[in-house]
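Trainee: One structure, pasted below without further comment.
Numbering (the numbering used here), first residue to last: 1203 to 1514.
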């Protein structure tokens, strides 16, 4: 099993050396693609200091910063191995990162991707409660049940450092959505799950560690405002274009509208958002879901409360 590892890096001089070293220690590592995303620190020089032929440095045109999605996509377009994995530049792999992955891929001929547990290396006392936790799907889930469970938050979550995918799957799933500054990994995961059977690998013990430090984005709620909706919309549009079952799209829409109603932004804003979502693709607009989620229909008991008897 030969794996291409993609590492997007922006001003990662403090962490990048350990990240690369942890990747090179994996027997399955055939190439390491570090994408320097417009760094202004010593990131590039540190990458060049590795004399291992497996390590390559890629940059965007004119050395500009384009974000994680574009950087991972540059890596995906240049990867040559049949299997691909990812590592954020401030994280690191543990020993035997891919040992169980190989077994799972070999055991399930239909398997296009696998997921693993990731642990936390806490460098910020504010997040000490994460030290003994795992970022993982909490139980073995049949591939056909995985997507709906993740949408509803039943089984936990994926983390990019623990995800391994066959390169051929990208023809169906597509690359990362470069319009998403955050939540791009969730959008990517969900499209992959819908495109190929995805199995659990090591979900009981971490195969990588996510370093929690002051500049992490995962606890910056302000960065995620609005992007969760954009991630849902990206998956809805992709699913509509790729003949995903209406029942699956229905479940995504249900989740979106649960969140939307909790915001209580008012009927007119809900109608505007309904129009935005249901015109993403003609299949969606001309489906029964268009009427089902029209705000006047969903709010009929509230709007026409004088007709509906109050429950005792």
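Each residue gets a CB set at the ideal place from its N, CA and C atoms; glycine is no exception.
With distances taken from CA atoms, which of 1319, 1324 and 1323 is nearest residue 1341?
Mentor: 1319
Trainee: Give me the Cα-Cα distance between residue 1240 and residue 1356, rounded to the nearest whole angstrom.
Mentor: 38 Å
Trainee: Going along the chain, which residues of its own chain have a beta-carbon closer than 6 Å to the beta-carbon of residue 1363, five neighbours each way excluded?
Mentor: 1289, 1293, 1320 and 1410
Trainee: Are the beta-carbon atoms of residue 1266 and residue 1278 separated by less than 8 Å?
Mentor: With respect to residue 1278, residue 1266 sits apart: the two C-beta atoms are not nearer than 8 Å.
Trainee: Opposite residue 1402 in the DSSP bridges: which residues?
Mentor: 1317
Trainee: In chain order, what residues of the same chain lie with their CB nearer than 7 Å to the CB of residue 1487, ignoring the 5 residues before and after it?
Mentor: Same-chain partners within the cutoff: 1480 and 1481.
Trainee: Taking all protein chains shown into account, do 16 or more other C-beta atoms lie within 10 angstroms of the C-beta of residue 1462, making it buried, or fewer, making it exposed?
Mentor: With 16 or more Cβ atoms within 10 Å of its Cβ, residue 1462 is classed as buried.
Trainee: What is the C-beta distance between residue 1434 and residue 1458, in whole angstroms, given that I count them as a contact (C-beta under 8 Å)?
Mentor: Yes, residue 1434 and residue 1458 are in contact; Cβ-Cβ is about 5 Å, under 8 Å.
Trainee: Pull the bridge partners of residue 1209 from the DSSP assignment, please.
Mentor: 1236
Trainee: Is residue 1450 helix, strand or coil when you go by DSSP?
Mentor: helix
Trainee: Excluding the five sequence neighbours on either side, which residues of its own chain have a C-beta within less than 8 Å of the C-beta of residue 1491, listed in chain order?
Mentor: 1448, 1451, 1452, 1455 and 1480
Trainee: With residue 1232 and residue 1283 assumed to form a contact (beta carbons below 8 Å), what rounded beta-carbon distance in angstroms separates them?
Mentor: 5 Å
Trainee: So, residue 1219 versus residue 1237, is the Cβ gap smaller than 8 Å?
Mentor: Result no, Cβ atoms of residue 1219 and residue 1237 do not sit closer than 8 Å.
Trainee: Nearest-angstrom Cα distance between residue 1215 and residue 1234?
Mentor: 17 Å
Trainee: Identify the residues that DSSP records as bridge partners of residue 1261: which are they?
Mentor: 1238
Trainee: Assuming residue 1365 and residue 1378 form a contact by the criterion Cβ under 8 Å, report the distance between their Cβ atoms to the nearest whole angstrom.
Mentor: Not quite, the Cβ-Cβ distance comes to about 12 Å (not below 8 Å), so this is no contact.
Trainee: Would residue 1514 be called buried (16 or more neighbouring beta carbons within 10 Å of its own) or exposed?
Mentor: Because the pLDDT at residue 1514 is just 49, under 50, the model does not fix this residue reliably, and the value given afterwards should be weighed accordingly. Looking at its Cβ environment, which holds fewer than 16 other Cβ atoms inside 10 Å, residue 1514 is exposed.
Trainee: Given a cut-off of 8 Å, decide if residue 1347 and residue 1299 are closer than it, judged by their beta-carbon atoms.
Mentor: no
Trainee: Using the Cα positions of residue 1440 and residue 1212, report the straight-line distance between them to the nearest angstrom.
Mentor: 29 Å
Trainee: Please list the segments of the beta strand (DSSP E) lying wholly inside the stretch 1352 to 1388, counting only runs of 3 or more residues, in order along the chain.
Mentor: List check, beta strand (DSSP E) in window: 1365 to 1368.
Trainee: So residue 1332 and residue 1408 are supposed to be a Cβ contact under 8 Å. How far apart are they, rounded?
Mentor: Not really, about 12 Å apart at Cβ, beyond 8 Å.
Trainee: Round the Cβ separation of residue 1295 and residue 1225 to the nearest angstrom and send it over; I've been treating them as touching at under 8 Å.
Mentor: 6 Å
Trainee: Mapping DSSP to helix, strand and coil, what is residue 1289?
Mentor: coil
Trainee: Return the residue from the list 1310, 1324, 1339 and 1305 that minimises the CA-CA distance to residue 1317.
Mentor: The candidate whose alpha carbon is nearest that of residue 1317 is 1339.
Trainee: Going by the beta-carbon positions, is the gap between residue 1369 and residue 1281 smaller than 8 Å?
Mentor: yes
Trainee: Buried or exposed for residue 1276, please, with buried defined as at least 16 other CB atoms from any protein chain shown within 10 angstroms of its CB.
Mentor: buried
Trainee: Using a Cβ-Cβ cut-off of 7 Å (strictly less than) and excluding sequence neighbours within five positions of residue 1387, which residues of its own chain qualify?
Mentor: 1362
Trainee: So residue 1304 and residue 1432 are in contact, right, with Cβ under 8 Å, and what is the actual spacing, rounded?
Mentor: Contact doesn't hold; Cβ gap of about 35 Å is too wide.
Trainee: Determine the direct distance from the alpha carbon of residue 1397 to that of residue 1404, and round the result to whole angstroms.
Mentor: 22 Å
Trainee: Return the chain-ordered list of same chain residues with a C-beta closer than 7 Å to the C-beta of residue 1345, the five sequence neighbours on each side being excluded.
Mentor: 1399, 1400 and 1401
Trainee: Among 1381, 1205 and 1244, whose alpha-carbon lies nearest the alpha-carbon of residue 1256?
Mentor: 1205
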